[in-house]
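Visitor:
Number of protein chains: 2
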Amino acid sequence: MAENGRDGAAGDGGAERAGRRSARRPRAAYHHGDLRAALLAAGEAELAESGLSGFSLRATARRAGVSHAAPAHHFANADALLAALAVLGFERLVSAMEAEMAAAGAEPRARLAAAGRGYVAFARSSPHLFRLMFFGKRPQNLPGDAPREAPGRAFAILRGAVLAVQGAGVPETEIARDIAAAWGLVHGLAHLLIEEAAAGFLRPFGEAEREAIVAGAIERFAASLP
Amino acid sequence: MAENGRDGAAGDGGAERAGRRSARRPRAAYHHGDLRAALLAAGEAELAESGLSGFSLRATARRAGVSHAAPAHHFANADALLAALAVLGFERLVSAMEAEMAAAGAEPRARLAAAGRGYVAFARSSPHLFRLMFFGKRPQNLPGDAPREAPGRAFAILRGAVLAVQGAGVPETEIARDIAAAWGLVHGLAHLLIEEAAAGFLRPFGEAEREAIVAGAIERFAASLP
DNA sequence: GATTGAATCTTGACGACGTCAAGATTGCCG
DNA sequence: CGGCAATCTTGACGTCGTCAAGATTCAATC
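So the protein lines, in turn, are chains H and L.
If you read the first sequence in my numbering, its first letter stands for residue 1, the second for the next number, and so on.
If you read the second sequence in my numbering, its first letter stands for residue 1, the second for the next number, and so on.
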């Protein structure tokens with residue numbers, strides 16, 4: 001995937017294989033090899049640098065060292081590329097939650113709190129993906145169900161963690177209420193932390209203190225469940 | 001102002017002056033009167049119809065019945081118009097919170113829950129503005145402090161409501177923790193409700209049940225404060 | 001009340017963007 | 001080895017945001 005540009009601006013930088021033909025084409029090969037993956041990597045880098053509103057398919061192609069129309073053979077349109085990135089983000093979100101839970105042992109409340117911490121940790125580590133996942137245009141007419149089903153796994157984890165705490169015999173609306181509260185809390189906290197405008201009142205606190213504040217809020221919720 | 005396209009929508013209702021000159025220009029006047037307000041109304045309508053990613057300054061101008069370059073005299077650029085809309089949204093958010101609180105009486109916990117309900121109610125009534133306010137590009141170089149300070153009032157209300165419940169003598173980090181939890185909960189719930197992808201598990205419930213679930217989550221939080 | 005300067009709006013242009021169509025290049029399968 | 005499909009490039013079109021220059025109107029001054 002040719003070290004998606006950056007260093008030399010003009011991108012390409014892909015001198016991994018010396019130009020074979022002549023000096024006409026600094027680019028290595030006509031066929032890229034795995035342009036789809038390269039475009040995803042370049043797209044994520046673009047997203048991190050320029051944000052969702054400044055995202056450009058042409059710039060992504062440029063960064064990947066291909067022409068502006070090359071992406072069309074791998075993604076139907078720009079939204080399809082972004083949707084694929086969002087799916088990738090949800091996979092990482094699930095990984096982050098599972099990683100924290102695995103380290104949290106077996107106690108249900110500890111596992112629920114860990115899931116929440118993982119959720120927030122992901123948002124802080126990849127704010128550009130987080131924003132894309134929850135604010136990007138809804139992928140409407142894309143092939144496959146992945147874009148629509150991607151959030152489901154993360155919710156399922158959170159739901160399972162809540163159910164494990166509640167035990168059996170809880171009315172359906174109460175379950176929904178507590179799942180909504182759990183998701184709302186961690187999602188809101190995550191958003192609060194990555195948006196500067198929203199994080200105003202957390203400014204005075206240092207990094208460690210914020211961590212403790214967020215973890216405390218989540219643990220207090222887990223403890224408050226009946 | 002020629003009933004911007006859609007006749008129904010744009011409000012403004014500015015057909016006050018019949019076209020005076022000739023049939024050449026269906027538009028009434030060269031000078032609009034209050035184009036700034038008309039652009040804000042048209043921009044909000046565009047936002048509601050096309051979403052943030054589909055927003056277009058030219059389409060907004062078209063809807064307002066002016067040329068594509070007319071907005072430049074009232075907003076430095078497209079982001080400035082969106083920033084003004086975001087400020088407008090924060091004002092409405094504050095109004096929604098205050099309205100609920102005013103109807104909630106004097107009991108601190110009831111007032112806190114009311115503030116949260118108002119927050120969610122605003123998001124549901126104006127999802128396009130909500131998304132803009134919290135996901136739009138951060139207005140960087142805009143004149144005036146309004147865009148940066150707009151979220152402050154809403155946070156101040158929530159903060160005040162939390163403080164009123166806690167009473168005096170609570171450590172600073174605990175205060176921050178509970179404010180973060182309150183904001184995170186209501187913000188996350190609001191987001192949960194307006195994003196279809198996220199609201200999957202709430203689908204089976206009807207409108208009234210959702211209302212109860214959200215209100216229940218908020219009230220349980222208010223009741224859980226020490 | 002006419003004149004003049006400033007504010008407002010229009011027209012036209014430019015570069016960047018997303019997307020489509022057609023041609024060039026390459027890998028692969030027979 | 002030949003041909004076909006996949007891949008990538010080039011070129012074009014319409015739309016977008018923004019700038020510059022001209023047209024029109026308002027308002028303040030004389």
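C-beta atoms are modelled at their ideal positions from N, C-alpha and C, and glycine is treated no differently.
1) Give the residues from the segment 170 to 183 of chain L that approach chain H closer than 7 Å (Cβ to any Cβ), ordered along the chain.
2) Taking L/PRO127 as the reference, which of L/SER224, L/HIS187, L/ARG203, L/PHE205 has the closest Cα?
3) Please go through the same chain and pick out, in chain order, the residues whose beta-carbon is closer than 8 Å to the beta-carbon of H/PRO108, but skip the five residues on each side of it.
4) Identify the continuous alpha helix (DSSP H) that holds L/LEU225 and give its terminal residues.
5) The alpha helix (DSSP H) with H/ARG111 in it runs from where to where?
6) Check whether the Cβ atoms of H/ALA222 and H/ALA113 lie closer than 7 Å to each other.
7) Report the three-state DSSP secondary structure of H/LEU52 (helix, strand or coil).
8) Flag L/ILE213 as yes if its beta-carbon sits less than 7 Å from any beta-carbon of chain H, otherwise no.
9) Please tell me whether H/LEU185 and L/LEU185 are closer than 7 Å, where the distance is taken between their beta carbons.
10) Taking beta-carbon pairs under 7 Å, can you tell me which members of the segment 65 to 82 of chain L lie near chain H?
11) Contact criterion: CB-CB distance below 7 Å. Does H/SER126 meet it with respect to chain L?
12) Tell me which residue opens and which closes the alpha helix (DSSP H) that H/LEU202 is part of.
13) Counting only Cβ pairs nearer than 9 Å, list the residues of chain H close to L/LEU189.
14) Inspect the CB distances between the segment 169 to 183 of chain H and the segment 209 to 217 of chain L and report whether three or more fall short of 8 Å.
15) According to DSSP, simplified to helix, strand and coil, what is L/ASP34?
16) Would you tell me roughly how many angstroms separate the C-alpha atoms of L/SER67 and H/ALA156, rounded to the nearest one?
17) Take H/PHE130 and list the residues in its own chain whose beta-carbon comes closer than 6 Å to its own, dropping the five residues that flank it on each side.
18) Give the range of the alpha helix (DSSP H) segment to which L/HIS187 is assigned.
19) Does any C-beta atom of chain H lie closer than 7 Å to the C-beta of L/SER224?
20) Short of 9 Å Cβ to Cβ, which residues in the segment 48 to 65 of chain L face chain H?
21) What residue range is occupied by the uninterrupted alpha helix (DSSP H) comprising L/PHE90?
22) Using beta-carbon positions only, say whether L/PHE135 and H/PHE135 come within less than 7 Å of one another.
23) Given a cut-off of 7 Å, decide if H/GLU44 and H/LEU85 are closer than it, judged by their beta-carbon atoms.
24) Go ahead and pull the three-state DSSP assignment for H/GLY216.
25) For H/ASP34, count the other beta carbons within 10 Å of its own beta carbon; 16 or more makes it buried, fewer makes it exposed. Which is it?
26) Within 10 angstroms of the Cβ of L/HIS32, are there 16 or more other Cβ atoms? Answer buried if so, exposed if not.
27) Beta carbon of L/PRO71, beta carbon of L/LEU52: below 7 Å?
28) Measuring only the C-alpha atoms, how far is H/ASP7 from H/GLU49?
29) So that I know if they touch, is there some Cβ in chain L lying closer than 7 Å to that of H/PHE90?
30) Can you tell me the Cα-Cα spacing of H/GLU195 and L/GLU209, whole angstroms?
31) Kindly indicate the opening and closing residues of the alpha helix (DSSP H) around L/ALA64.
32) Work out the CA separation of L/PHE75 and H/GLY65 for me, nearest whole Å.
33) If you measure from the beta carbon of H/ALA217 to each beta carbon in chain L, is any gap under 7 Å?
34) Relative to the C-alpha of L/ALA182, which candidate in L/GLY206, L/SER224, L/ARG148 has its C-alpha closest?
Guide: Inspection of the coordinates gives the following:
1) THR173, ALA176, ARG177, ILE179, ALA180, ALA181, TRP183
2) L/HIS187
3) ALA161, ALA164, VAL165
4) Unbroken run through L/LEU225: none, as it is neither H nor E.
5) 108 to 125
6) yes
7) coil
8) yes
9) yes
10) none
11) no
12) Segment: none, H/LEU202 is in no alpha helix (DSSP H) and carries neither H nor E.
13) ALA180, ALA181, TRP183, GLY184, LEU185, HIS187, GLY188
14) yes
15) coil
16) 50 Å
17) ALA123
18) 172 to 194
19) yes
20) GLY51, LEU52, SER53, GLY54
21) 78 to 102
22) yes
23) yes
24) helix
25) exposed
26) buried
27) no
28) With a pLDDT of 30 at H/ASP7, under the threshold of 50, the predicted position of this residue should be treated as unreliable, though the coordinate-derived value follows. Distance between the alpha carbons of H/ASP7 and H/GLU49: 14 Å.
29) no
30) 31 Å
31) 57 to 64
32) 37 Å
33) yes
34) L/SER224
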